[in-house]
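Quick notes on the structure that follows.
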Amino acid sequence: MRGNVAVVAKPQTEEIHFHRGDVALCLLVNRRTRVLRVVDFRTGPSALKREVVRRVAEEEGLERAFTVVEREEAPAWLRMGFRKEGNIPGFYRRTDAHVLGTTFVTDASARRPPKRIGGPLLGEAAALDHVERTYQAARRLVRSQALAELPPVKVQEARGVDVTRHLSAAARAGRALTDLDPFGRGGEQRSYLATGRGGFSSLICVESQPCFGNALVEVVSAPRSEKEAWLVAAALSEVGRRLEEEGMGSVFGITLADSLELTAAMVRAGYRRTGRLSQHLLLQGERRDALLWSRRAGGD
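Quick note: the sequence shown, position 222, residue 221 per numbering that gives the first Met the number 0, numbers continuous.
In structure tokens:
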């Protein structure tokens, strides 16, 4: 309380709706990651759309905006200053989704030091090169184990207490890649707990849209060794198989781009890289790129 005025904290995520004339938008604001997803109900380029997105981003201190649209709608967002970042095959059942994004400079982002990855400070071009080298190194690692079977893991739907414990532990260790923030509107969320030999455990989060037959898969914490990478791959493979049995024809993932072990786990679990999301993640106060993945049907 300050005087007689109650200070009410804004929710971590919120939907902001805007309707005026031919413009109808739903803006999914994530204040934790400072990212905004734009859901556009009326196609076509519009200066007003761009202005609304910019204004909300400025008011909320957001640093990135992205939209997920059908191919025919992508050119309109390109004309509004967004960049093509990737695609999600079968996202709308019979058609693919295109992901386009843009970034904003805020007071916080302007004060943030340049990215440092394992050594010297990196500019954007060097960071891009590092991400590509990490991806190619992960593919080589997977090829070196091509004849080896994945280790056994037990995968079961996580209880609420398991989810809370894993999220808290990951946050304390500075290893949390997600906080179960919603990706879209009206998605069904659940989590799976994977356990294996040597005390291994990993939490895998799923957000599905049965009406479209798609599901987003995220790993809460990146594996820290090659052994953990194959255990996570086994868990991802099993979760993917279950989702396919439920009729999820489009299973996709978003992961930290510069994690060798997590990238290797995704490749080994049958995922194909389909994009790179610029500055999509906010980890320990630093913006990081993410990779976009799509799982091949029956892929392992």
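Just so you know, even glycine gets a beta-carbon here, dropped at the ideal spot from N, CA and C.
Note that this is a predicted model, so its numbers are computed, not measured.
Where residue i sits in the DSSP three-state scheme
i    : result
Q135 : helix
E187 : strand
D128 : helix
A256 : coil
T194 : strand
R78  : helix
R92  : coil
T12  : strand
T32  : coil
L370 : Absent from the model: residue 370. The displayed extent of the chain is 0 to 299, so no value can be given.
A170 : helix
D161 : helix
V38  : strand
L146 : coil
V104 : coil
V22  : strand
V141 : helix
R295 : coil
C204 : strand
F17  : strand
G118 : Unreliable placement is indicated for G118, whose pLDDT of 44 sits below 50; the coordinate value is still reported in the next sentence. Here G118 sits in coil by DSSP.
V152 : coil
Contacting residues, own chain, Cβ-Cβ under 8 Å from residue i (five flanking each side not counted)
i    : result
D180 : Q11, T12, N29, R31, T32
S224 : E260
V152 : A193, T194, G195, F199, L230, A233, A234, E237
F65  : V34, L35, R36, V37, F81, E84, V98, L99, G100, T101, L276, H279
L47  : R19, G20, V22
L166 : A175, D178, L179, L202, V219
T94  : E69, R70
G197 : K226
L300 : With the chain covering only 0 through 299, there is no way to say anything about residue 300.
Minimum Cβ-Cβ distance from residue i to chain B less than 8 Å
i    : result
A268 : In the displayed structure, chain B is absent; only one protein chain is listed.
Top-ranked residue by Cα proximity to residue i, from the options
i    : options                : result
Q283 : V216, L261, E206, R174 : R174
T133 : V34, A263, F103, W292  : A263
G60  : G80, L27, A46, T105    : T105
V250 : H279, S207, D39        : S207
V219 : G43, E71, R53, R164    : R164
R295 : L281, R41, Q278, Y270  : Y270
N213 : R241, R138, D178, L202 : R241
R158 : T66, D95, A169, L202   : L202
R53  : E72, G43, M79, T42     : M79
V216 : I253, C25, R142, V141  : I253
Q144 : S167, K226, A172       : K226
M247 : M265, V205, V266       : V205
A170 : G197, D128, L281       : L281
Pair within 8 Å by beta-carbon distance, residue i and residue j
i    : j    : result
R300 : F211 : There is no way to answer for residue 300, as the model of the chain reaches only from 0 to 299.
S190 : V160 : no
E187 : P209 : yes
R287 : A256 : yes
V51  : F17  : yes
S293 : P88  : yes
L176 : A221 : yes
G20  : L276 : no
S45  : V22  : yes
V38  : L24  : yes
G26  : R184 : Residue 26 is actually Leu in this sequence, not Gly. It is not a contact, given that the beta carbons lie outside the stated cut-off.
V141 : V266 : yes
Neighbourhood of residue i by C-beta distance below 6 Å, restricted to the same chain and skipping five residues each side
i    : result
G85  : V98, T273, G274, L291
S258 : A221
R70  : H97
Q278 : R63, T102, R286
R49  : M79
A289 : I253, A256, L276, H279, L280
A228 : P222, E260, A263, A264
Residues near residue i by beta carbon distance below 7 Å, same chain, minus five either side
i    : result
V154 : Y191, A193, A234, E237, V238
A136 : L259
I15  : L26, V28, V55
T42  : E72, A75
R138 : V266
K9   : R30
I'd like the ranges of any alpha helix (DSSP H) spanning at least 4 consecutive residues and lying wholly in the region 219 to 292. 225 to 244, 259 to 267
What ranges does the beta strand (DSSP E) occupy inside the region 46 to 74, keeping only unbroken runs of at least 3 residues that lie completely in it? 63 to 69
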